[in-house]
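Novice: When we follow the UniProt record's numbering, the leftmost residue of the sequence shown carries the number 1, and every step to the right adds one.
For glycine and all other residues, C-beta sits at the position ideal for the given N, C-alpha and C.
Since this is a predicted model, take the numbers as computed values, not measurements.
Structure in structure tokens, see below.
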Amino acid sequence: MDTTVVESWKDFMELSSRFEGWAFRGQQDARWHLQSSLSRYLHAYVSDKEQWRSREARAIRIFRRKAHNHVPWPELLHDDLRCLGLMQHHGAPTRMLDFTKSPFVAAFFALERATSDSAIFALNTPALYDDRARPRHAPWLTRDTIDPRVKGNMEKYFLGNDHEVVWFGEPEEMDGRLIAQSGTFVVPGVIDRPMHRILDGYESDEPLLRKIVLPVALRADAMKWLYRMNITNASLFPDLDGLARSIAVEIEMVWPTQTLG
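Here you go:
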């Protein structure tokens, strides 16, 4: 995986323009691997990896049994991808990773609470979409073949934790947060290794993953640019929670005043 350290926000804007059609994920610590919240949780609290498959299945089963009390359309819980998306957006650890089609949204998530160097991962989704990149060990596992929106595929290709594949996409019906964030989900077929290790097993003539390190020194300038672009928690989370979270950045923003007359 190639890594680039940018020196300024201007350099980042120029570099990001080279990744047309890619997807991006911001992480506030450049040292963190690219892995799901479920992987991090299991690594921290469940040492026996033989139990990981059953623990994940149990988490989904419990959510489905109880979440119908809190959602207006309980039938969406029967859609595997939408169910995991609902779990993800309400704080449950899942195997999915949130990506965005906007490098600037990714930069916001990377920098908002950063106190050290942060990072953005860029995923070559055009190559994955066109099947120009396929798993070397099983090239027949194309994107359409493993599509988790197809009934039974989540269980067959993902929850078994047997297939070293990566799928990206959105549910057929997207919620407000996913729309506001230009979001897309990335779903790994295994949860016991980071994303770059899985993609190392893909056959491809072009790089599939790039890492862009954002030094903490550029944070202040970047956050002002993002604020001007209306990329804030209030716009990315269009509800009262998002508005409340956005107030932290409002505390930072001080604009020069000019006396007229």
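Determine, using beta-carbon pairs with one atom in the stretch 26 to 35 and one in the stretch 189 to 196, whether at least three such pairs fall under 8 Å.
Specialist: Short answer: they touch.
Novice: Less than 8 Å between the CB atoms is what I'm expecting for P148 and V186, so what's the real figure, rounded?
Specialist: Reading the sequence shown from its first residue, position 148 is the one you call residue 148. Reading the sequence shown from its first residue, position 186 is the one you call residue 186. The pair is not a contact, with the Cβ atoms about 11 Å apart (cut-off 8 Å).
Novice: Identify whether T4 lies in helix, strand or coil by the three-state DSSP scheme.
Specialist: Along the sequence shown, one-based indexing puts residue 4 at 4. T4 falls in the strand class under three-state DSSP.
Novice: Considering only C-alpha positions, which residue in the set E164, P93, F158 is nearest to F40?
Specialist: Here residue 40 refers to the residue found at position 40 when the sequence shown is read from its first residue. For the sequence presented, residue 40 should be read as Arg rather than Phe. The shortest C-alpha separation from R40 is found at P93.
Novice: Just mark A220 as buried or exposed, buried being the case when its beta carbon has 16 or more other beta carbons within 10 Å.
Specialist: Looking up residue 220 in the sequence shown gives position 220. The residue in question, A220, is exposed, as its Cβ has fewer than 16 Cβ neighbours within 10 Å.
Novice: As a quick exercise: from L243, I146, K151, W167, pick the residue whose alpha carbon is nearest that of Y157.
Specialist: Taking the sequence shown and counting its residues from 1, one reaches residue 157 at position 157. Looking at the Cα atoms, I146 is the closest of the given residues.
Novice: For A180, which residues from the same chain have a beta carbon less than 8 Å from its beta carbon, with the 5 sequence-adjacent residues on both sides left out?
Specialist: The residue given as residue 180 occupies position 180 in the sequence shown. Once the five neighbours on either side are set aside, the close Cβ partners of A180 are S235, L236, F237, P238.
Novice: Please list, in chain order, all residues of the same chain as W73 whose beta carbon is under 7 Å from its beta carbon, the five residues on each side excluded.
Specialist: Sequence index remark: in the sequence shown, residue 73 carries index 73 (1-based). Here the set comprises nothing.
Novice: Does K211 come out as helix, strand or coil in the three-state DSSP assignment?
Specialist: Looking up residue 211 in the sequence shown gives position 211. Strand, per DSSP.
Novice: When you compare the CB positions of F19 and P139, do they come within less than 8 Å of one another, or not?
Specialist: As a working mapping, residue 19 is identified with position 19 in the sequence shown. As a working mapping, residue 139 is identified with position 139 in the sequence shown. No, they are not a contact pair.
Novice: Distance check for A122 and A23, CA to CA, integer angstroms please.
Specialist: By one-based count along the sequence shown, residue 23 stands at place 23. By one-based count along the sequence shown, residue 122 stands at place 122. The alpha-carbon atoms of A23 and A122 are separated by roughly 6 Å.
Novice: Check this for me: beta carbons of M117 and L214, under 8 Å apart or not?
Specialist: Residue mapping note: residue 117 aligns to position 117 of the sequence shown, counting from 1. Residue mapping note: residue 214 aligns to position 214 of the sequence shown, counting from 1. The displayed chain sequence assigns Asp, not Met, to residue 117. Yes. Within cutoff.
Novice: In the UniProt domain "FRG" (18 to 121), which residue ranges form an unbroken beta strand (DSSP E) of at least 3 residues, counting only runs that do not cross its ends?
Specialist: Listed in chain order, the complete beta strand (DSSP E) runs (minimum 3 residues) inside the UniProt domain "FRG" (18 to 121) are 23 to 27, 97 to 100.
Novice: Over the uninterrupted alpha helix (DSSP H) stretch that includes G242, give me the two end residues.
Specialist: By one-based count along the sequence shown, residue 242 stands at place 242. 240 to 252 is the span of the alpha helix (DSSP H), which, as asked, contains G242.
Novice: Just verifying my parser: in three-state terms, what is the DSSP assignment at G261?
Specialist: Numbered from its first residue, the sequence shown carries residue 261 at position 261. Residue confidence for G261 is low, a pLDDT of 48 falling below 50, so the modelled location carries little weight; the figure read from the coordinates is stated next. Of the three classes helix, strand and coil, the one that applies to G261 here is coil, per DSSP.
Novice: Tell me the rounded alpha-carbon separation between D175 and A106.
Specialist: On the sequence shown, position 175 is the one that residue 175 refers to. On the sequence shown, position 106 is the one that residue 106 refers to. Each residue's alpha carbon lies about 19 Å from the other.
Novice: Can you find a heavy atom of the ligand ADP that lies under 7 Å from the Cβ of V150?
Specialist: Within the structure as shown, the ligand ADP is missing, as the structure has no ligands at all.
Novice: Roughly how many whole angstroms lie between the Cα atoms of I251 and L199?
Specialist: Residue numbering aside, residue 251 sits at position 251 when the sequence shown is read from its first letter. Residue numbering aside, residue 199 sits at position 199 when the sequence shown is read from its first letter. Their Cα atoms are separated by approximately 40 Å.
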